[in-house]
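Structure record follows, encoded as structure tokens.
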Amino acid sequence: EEFADRFGISANDLTQIVDWLHAQGFTVDEVARNRRSVTFTGSAGQVETVFRTAIHEYAVDGKTFYANANDPYVPDAFANVVLGFRSLNNFHLKARARRTRVHDASPQFTSTVTGNHFLAPADFATIYNLNGLYANGLDGSGQRIAVMGQTNIDLTDIRAFRSASGLPPNDPGTNNDDLGEADLDLEWSGAVARNAHLIYVNSNNGVFDSLQYAIDQNLAPVISISYGDCEKNFSGQDMNILGALGRQAVAQGITILSASGDTGAADCDYNARIASRGLAVDFPSSLPYVTGMGGSEFQDGAGSWSATNNATNGSALSYISEKTWNDNTASGTLSAGGGGRSIYFSKPDWQAGAGVPNDHARDVPDISLSASADHDGYLICSLGSCANGYRSTDGSLNIAGGTSVAAPAFAGIVAILNQAANSPQGNINPALYRLAGIAPGVFHDITAGGNQVSCRLGSTDCSSGGVIGYTAGPGYDQATGLGSVDASNLIASWSRVVAPAAQARPVVQALTPQSGGQGTTITALLTGANFSGVTNVTFSGAGITAGIQSGATATQIPLLITIAKDAAPGAQSVTVTTPAGSVTVDSVFTVQGASLPAGVTAAVPLPISAVEQGNTRSGYVIITPDANSPAPVSAATFGVVHNGIVQSQAGIVPAPMTGSSTMLVNVVPAIGRNLGVAVANPGDSGNTLTLTLEDANGNTVATTTMTVQPHQQVARFVTELFGSNTIGSAFSGSLHLQSPIAFSVLGLRFSGIEFSTLPAIGGNAGGSAAVVIPQFAIGGGWTSEIALINNSTTASTGRIDIFDSNGNPMSVPLNNATQSTFRYSIPAGGTFLLAPRDMNGQAPM
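Right, here's the structure in full:
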């Protein structure tokens, strides 16, 4: 559940959404582990009423589909946490397989009768250089591949294919229009990674539900998806949702391979004979988090194939030169490798190198593999077609092609890569493009042909030539990407761009001794594992340094630790960094302060990482009592904390919202004396405040404005608001803030690390009894606490909402829970403290 805690919405927000769906009459079927999606069901009428959209029926290609006519409405209360909706229609993604049925009297796949050639797994292994990997035990053993589907399968076909191919039995786990696609994907991912564990994920609601489930359940580090659709058929809301899914996959170390489409550069013209909808690419292959698989076609000649097959039905003799897959003439319909530029995604930083267009857009494909069903297609078994080896009872063969073969086949190669690297590789695209620049032997650069298709004159993007598309050329191109791969060279070169798993992240076990006094230098020994390569050791606090001495090994590092006289006493964390990464261990060393009198014991404070590490996050707070509940007396405390010790703190109490406020200004920039002004606007309208700076005699020195958008917060120092020319070396006077719309303001007076506050302002945001605290800060040494006191004779209940400066809910770790909304329930005469907590449950102030 680590991903949910780091990236999902808060448990409280999720509960509110689920409760609201129940209240609208929907049935909640599943809540994703990542806390980023909720699956619910209801009638079309409910959807139309609640989400303000119409559900219509559409007739397409002789079939009836249902779909929403406009984007559904997201309730205002959830607008900051809900990206949108999926599965409000039953338009499923299109399978990208091309299939033919071939009659051939000869049992050999280099036919002695017709001269036709078909790809068996042994041929693929020879052409793309996998046999050396197999000989060294790299065959996908111990690896998992999840294949996405939207139809049921018959395991008999999978078993027949593996038997005909001479592969070991290996049934996929399973959680009919697309049956051939599912069979193809399972057969060829398992044909390349011969001993990988295959997981077939099927959803009746479409392949994106399968994809979401596979990622949410973290089923496998490699995912193959051979379905897609034209980018233009997706809304921006769709892209936001699926983009978030892609980012989750990357965070979990998952590699996704996706077909780039089978209609050349005109992905929107599926099953058409001529393009009319313009240049387009396929989604999800255009996602930057996905490796888009294009198509190539063999340019074989004399010496490419043996006249007979070997024991595993292979007849390819070596690598065979390739061109761009383009079978438009042979197929009758558009039939070529997909490619082009995305209309939704900008160019990732890693997509660079020779041939990459300067078009500021994500380009596809990334790489290609053989995809032609008409010239050396792939053998498959489907619908009981393999009765005698690969042949059916009438002697025919089932042959497949398309970029949907390239995706599962390369998924098999990635599984072998994971096995060799001993770890999942996640998004491999950055490494592929780096390899193209330094290791040309990894790729077969395809420079012949193109994915151009005929287009209707006068239609979108169709010029007088009547053709749209891209030509292959040296380096990267939008027809075949970086080219096809030499699998052995790919895996052998991988460590040149990715740290090998053998160089694992460092592990810290102990530091001896565990303490030292201020103003001393001590020798110490750090023990652990994986201290290899260039290593650096640092401590968290100022005034303490560590120098690595001679004699360091992979398991121990001699250190010379120097502690300054003014080093802050308390617990220190240590960070060890190697080329494989960094590890930080809290409270591993203690700086001892001055000696205490006999009999007095000093308790070492425990630092809280969320307070003392990372960047400072700031925003504001709204405290809202429940209806008919007495409002508690509230106060906020801000503090600067170092090594668990409070360096400075100040408290505030609320006052009413205001349209005018004046505060004292005493600024001396050279010594760090300044005034910070935090303004929160909890209302629904933008607010522009007029800020007037006056000297000690009441004369206006300067005037400026501050605009605060609805539900947002702005915090600025006086020196930022008026500049050094106005403030000079010192300034004493007052700052007057005025606006026709009520606002909440807080002044923080700084003097070095010491500071005090001016009042926070309460008011009617969220109700007449609500309180707005316009500044909240945590991290980077800052901490905030909120204290509530119930002076009434009845219990007080309500909620505390924390927002960032943009008005978005800000999840923070308080009271041992990380969320943006906290409930309180205070008995009569009781108190409630919301604060960061250390491992013993203690607040820092």
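If you're matching positions, the sequence shown starts at 391 in the working numbering and goes up one per residue. Backbone N, C-alpha and C define an ideal beta-carbon position, used for all residues, glycine too.
Residue i, buried or exposed, once every other Cβ within 10 Å from all chains shown has been counted against 16
i     : result
T431  : exposed
M683  : buried
H750  : exposed
P1072 : buried
P987  : With a pLDDT of only 40 at P987, under the threshold of 50, the placement of this residue in the model should not be trusted, and no figure is reported.
A413  : exposed
Q939  : exposed
D659  : buried
N661  : exposed
M1047 : buried
Residue i versus residue j - alpha carbon distance
i     : j     : result
S930  : S972  : 14 Å
T967  : T913  : 20 Å
E712  : N402  : 56 Å
A936  : L825  : 37 Å
N460  : G848  : 29 Å
T643  : A512  : In the sequence as presented, Thr is not what sits at residue 643; that position holds Gly. Going from the Cα of G643 to the Cα of A512 covers about 30 Å.
T1211 : G527  : 53 Å
N595  : Q540  : 7 Å
I589  : V537  : 6 Å
P747  : D739  : 13 Å
P830  : L411  : 55 Å
L1083 : D1194 : 27 Å
I1163 : L1136 : 8 Å
P1015 : T1187 : 6 Å
M1096 : L1065 : 16 Å
A706  : F514  : 8 Å
P959  : G933  : 10 Å
D606  : Q533  : 18 Å
A581  : P896  : 37 Å
T504  : N841  : Low confidence applies to T504: its pLDDT is 39, below 50, so where it sits in the model is not reliable, and the reading given next is rough at best. Taking the straight line from one Cα to the other gives about 28 Å.
A434  : S427  : 20 Å
L609  : W578  : 19 Å
For residue i, the first and last residue of its enclosing alpha helix (DSSP H)
i     : result
P798  : T793 to A811
F1112 : V1108 to F1112
Y524  : N521 to A525
D403  : A401 to A413
D513  : P511 to I517
Q436  : A434 to F441
Residue range of the unbroken beta strand (DSSP E) whose run includes residue i
i     : result
F979  : G971 to Q982
E712  : E712 to T714
N879  : No beta strand (DSSP E) holds N879; the alpha helix (DSSP H) holding it covers A877 to S883.
P814  : That residue, P814, is in no beta strand (DSSP E); it is neither H nor E in DSSP.
T417  : T417 to V421
F735  : G730 to S736
D1191 : S1186 to D1194
Selection from the options that minimises the alpha carbon distance to residue i
i     : options                      : result
Y524  : G1009, G848, G415 and I806   : I806
G1197 : I1176, D1228, V1104 and A459 : V1104
T1093 : G1113, A1225, V472 and G933  : G1113
A665  : D672, F673, S675 and G654    : G654
Q908  : V898, I953 and S940          : I953
S694  : N595, A838 and H507          : H507
T681  : N470, T902, G873 and G941    : G873
V888  : L822, L1054, V875 and T902   : L822
P760  : I1176, L509 and T1184        : Note that residue 760 is Ser in the sequence shown, not Pro. Taking only the C-alpha atoms, the option nearest S760 is L509.
V1001 : A434, N1206, S1134 and A797  : N1206
S736  : S676, Y780 and S725          : S676
T429  : D529, S593, R442 and N470    : S593
A877  : N521, V471 and I399          : N521
L473  : S553, I631, T928 and G398    : I631
G651  : F598, A701, W715 and S625    : W715
T783  : A790, S772, G791 and T793    : S772
V464  : I445, S477 and V440          : V440
D753  : F673, I770 and A692          : F673
Any C-beta of chain E under 8 Å from that of residue i
i    : result
Y518 : Absence of chain E from the displayed structure is noted, only one protein chain being present.
For the stretch 886–967, which segments carrying the beta strand (DSSP E) assignment without a break, of at least 3 residues, lie completely within its bounds, in sequence order? 897–902, 905–907, 911–919, 926–929, 934–938 and 946–953
If we require 4 or more residues per run, which alpha helix (DSSP H) segments fall completely within the stretch 583–615? 597–606
Please list the segments of the beta strand (DSSP E) lying wholly inside the stretch 1069–1114, counting only runs of 3 or more residues, in order along the chain. 1077–1085, 1090–1098 and 1102–1107
Write down every uninterrupted run of the alpha helix (DSSP H) in the stretch 614–688 whose length is 4 residues or greater and which is fully enclosed by it, in chain order. 626–641
Give the list of continuous alpha helix (DSSP H) stretches no shorter than 4 residues that lie fully inside the stretch 992–1032. 999–1002
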